[in-house]
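Numbering (the working numbering), first residue to last: 328 to 442.
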């Protein structure tokens, strides 16, 4: 999943003109977020506002000034280990650790609680 900033950079590289409100609607992000990112790109010298015509239209000036979009890979956390008193308690009731699958995270939503 790409961030709104990454999608905005790709849209500028692809189309060279971006209408801020239309982009915000299609990306399902706030117009303020899109405007803030475009102003940052304007300060870096990558884009400029078009005067006249449609309001909120931004044009690509310098593709080299755009930030590089880096794909991030999601790293799975290793499974947690059960030991000590918990392992003894499970052994007392005859439950082996192979039967239990613990989530990688300690805190999870109530909808994610294993049955």
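Ideal Cβ placement from N, Cα and C applies to all residues, glycine included.
Just to check my reading of the structure: residue i and residue j have Cβ atoms closer than 8 Å, yes? What is that Cβ distance to the nearest angstrom?
{"i": "residue 365", "j": "residue 356", "result": "Going by Cβ atoms, the distance from residue 365 to residue 356 rounds to 12 Å, so no, they are not a contact pair."}
{"i": "residue 348", "j": "residue 383", "result": "5 Å"}
{"i": "residue 345", "j": "residue 338", "result": "5 Å"}
{"i": "residue 392", "j": "residue 361", "result": "That belief does not hold up - the Cβ atoms of residue 392 and residue 361 are roughly 18 Å apart, past 8 Å."}
{"i": "residue 333", "j": "residue 402", "result": "The pair is not a contact, with the Cβ atoms about 19 Å apart (cut-off 8 Å)."}
Could you tell me which of the options sits nearest to residue i, measuring between CA atoms?
{"i": "residue 340", "options": "385, 415, 349, 417", "result": "385"}
{"i": "residue 387", "options": "329, 331, 335, 330", "result": "335"}
{"i": "residue 377", "options": "396, 343, 399", "result": "343"}
Residues bridged to residue i by DSSP?
{"i": "residue 344", "result": "386"}
Is the Cβ of residue i closer than 8 Å to any Cβ of chain D?
{"i": "residue 403", "result": "In the structure shown, chain D cannot be found, because there is only a single protein chain."}
Inter-stretch contact at 8 Å, needing at least 3 Cβ pairs: the region 362–378 / the region 401–416
At 8 Å Cβ cutoff, the stretches do not touch.
Return the chain-ordered ranges of every beta strand (DSSP E) run that is complete within the region 352–428 and spans a minimum of 3 residues.
Within the region 352–428, the complete beta strand (DSSP E) segments at least 3 residues long are 374–376, 384–387, listed from N- to C-terminus.
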